[in-house]
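Here the structure comes first, spelled out in structure tokens, and everything after it is commentary.
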Amino acid sequence: MARRTISKSVKPAGTTAGGRGGAKGFTDPEKAAMKERARELRAEARAGRNRADGERAVLATIAEMPPPDRTLGEKLHAIVRANAPSLTPKLWYGMPAYANADGKVVCFFQAATKFKTRYASFAFMDAAHLDDGVMWPTGFAVKGLTADDEAKIAALVQKSVGGGT
Numbered sequence: 001m002a003r004r005t006i007s008k009s010v011k012p013a014g015t016t017a018g019g020r021g022g023a024k025g026f027t028d029p030e031k032a033a034m035k036e037r038a039r040e041l042r043a044e045a046r047a048g049r050n051r052a053d054g055e056r057a058v059l060a061t062i063a064e065m066p067p068p069d070r071t072l073g074e075k076l077h078a079i080v081r082a083n084a085p086s087l088t089p090k091l092w093y094g095m096p097a098y099a100n101a102d103g104k105v106v107c108f109f110q111a112a113t114k115f116k117t118r119y120a121s122f123a124f125m126d127a128a129h130l131d132d133g134v135m136w137p138t139g140f141a142v143k144g145l146t147a148d149d150e151a152k153i154a155a156l157v158q159k160s161v162g163g164g165t
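No gaps in the numbering here: position 130 of the sequence shown is 130 in the numbering used here, and each next residue is one more.
Set out below in structure tokens:
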């Protein structure tokens, strides 16, 4: 029987498991998002995943966003609610999200200001039924929305819950 030798790899000083060179763990926005998620989980446990509470929390979060994130958040919220009424609004890491009956997030909106990025994002999680061959997009950078963009997102939201084409 051959004997295998396992060598330990040594990380250079100052690196983290995430491989961020000189970074020392999570950034302040990442820590804040994790704390928000912990609060959300406690609130969900108390509220029993109440749709009205989730709707209020999502709308309050969107209302606190600076423009243009607020405008994008309002439009995307309206699109999701109109095209997938079965999804329950909820906060997910401090972001507006929409979950299926199993409580799994199907799609979410991330404001550009959340992690200080140059664009907002609208993305779908694996609970979304968007499969199209062996490769398909699941997230979009959003700096504005035209009528055509809104129609495309509406179709994707419908498809994500098993409707549409």
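Using N, Cα and C, we set each Cβ at its ideal position, and we do this for glycine too.
Query raised in the report: Whose C-alpha, out of Gln110, Asn100, Thr138, Lys90, is nearest the C-alpha of proline 68?
Result: Position 68 of the sequence shown, counted from the start, is the residue given in the question as residue 68. It is Gln110 whose Cα lies nearest to the Cα of proline 68.
Requested in this report: Pick out the complete alpha helix (DSSP H) segments inside the stretch 53-136, 4 residues or longer, and give them in chain order.
Outcome: 69-83
**Report entry** Which of helix, strand or coil DSSP assigns to valine 157
**Finding:** On the sequence shown, residue 157 is found 157 positions in, with the first residue counted as 1. Residue state, collapsed to three classes: helix.
**Report entry** Beta-carbon proximity list for glutamate 36, same chain, < 8 Å, skipping 5 on both sides
**Finding:** Here the question's residue 36 lines up with position 36 in the sequence shown. Cβ neighbours of glutamate 36 beyond the five flanking positions: Leu91, Tyr93, Gly94.
Query - Candidates Met135, Val142, Pro137, Ala101: closest to serine 121 by CA position - result: As a first step, residue 121 must be located in the sequence shown, where it is residue number 121. Among Met135, Val142, Pro137, Ala101, the Cα nearest to that of serine 121 belongs to Val142.
Query raised in the report: If you check the beta carbons only, do serine 160 and alanine 84 fall under 8 Å apart?
Result: The residue labelled residue 160 in the question sits at position 160 within the sequence shown. The residue labelled residue 84 in the question sits at position 84 within the sequence shown. Going by C-beta atoms, serine 160 is nearer than 8 Å to alanine 84.
Query raised in the report: Would a C-beta distance cut-off of 8 Å place alanine 106 and alanine 127 closer than the cut-off?
Result: Looking up residue 106 in the sequence shown gives position 106. Looking up residue 127 in the sequence shown gives position 127. In the sequence as displayed, the identity of residue 106 is valine instead of alanine. Yes; because the gap between Cβ atoms is below 8 Å, this pair is in contact.
Query raised in the report: Under 8 Å between the Cβ atoms of glycine 139 and alanine 123?
Result: As a first step, residue 139 must be located in the sequence shown, where it is residue number 139. As a first step, residue 123 must be located in the sequence shown, where it is residue number 123. Yes.
Requested in this report: For phenylalanine 26, write down the residues that DSSP places opposite it in a beta bridge.
Outcome: Here the question's residue 26 lines up with position 26 in the sequence shown. Per DSSP, none; premise fails for phenylalanine 26.
Query raised in the report: Mind checking whether tyrosine 98 and threonine 88 have CB atoms under 8 Å apart?
Result: The count along the sequence shown starts at 1 and reaches residue 98 at position 98. The count along the sequence shown starts at 1 and reaches residue 88 at position 88. Yes. Within cutoff.
Query raised in the report: Could you give the distance in angstroms between the alpha-carbon of glutamate 40 and the alpha-carbon of asparagine 50?
Result: Walking along the sequence shown from the start, residue 40 turns up at place 40. Walking along the sequence shown from the start, residue 50 turns up at place 50. The straight-line gap from Cα to Cα measures roughly 12 Å.
Query raised in the report: In the DSSP assignment, what residue or residues form a beta bridge with alanine 141?
Result: Residue 141 sits at position 141 when you count from the first residue of the sequence shown. In the DSSP output, where bridge partners are listed per residue, alanine 141 has Ser121.
Query raised in the report: Closest by CA to glycine 162, which one among Pro137, Ala154, Asp149, Leu130?
Result: Taking the first residue of the sequence shown as 1, we reach residue 162 at position 162. Here the closest residue by C-alpha is Leu130.
Query raised in the report: Looking only at its own chain, which residues have a Cβ that is under 7 Å from the Cβ of alanine 78, when we skip the five neighbours before and after it?
Result: Stepping through the sequence shown from its first residue, residue 78 is reached at position 78. Cβ within range, chain order: n/a, list empty.
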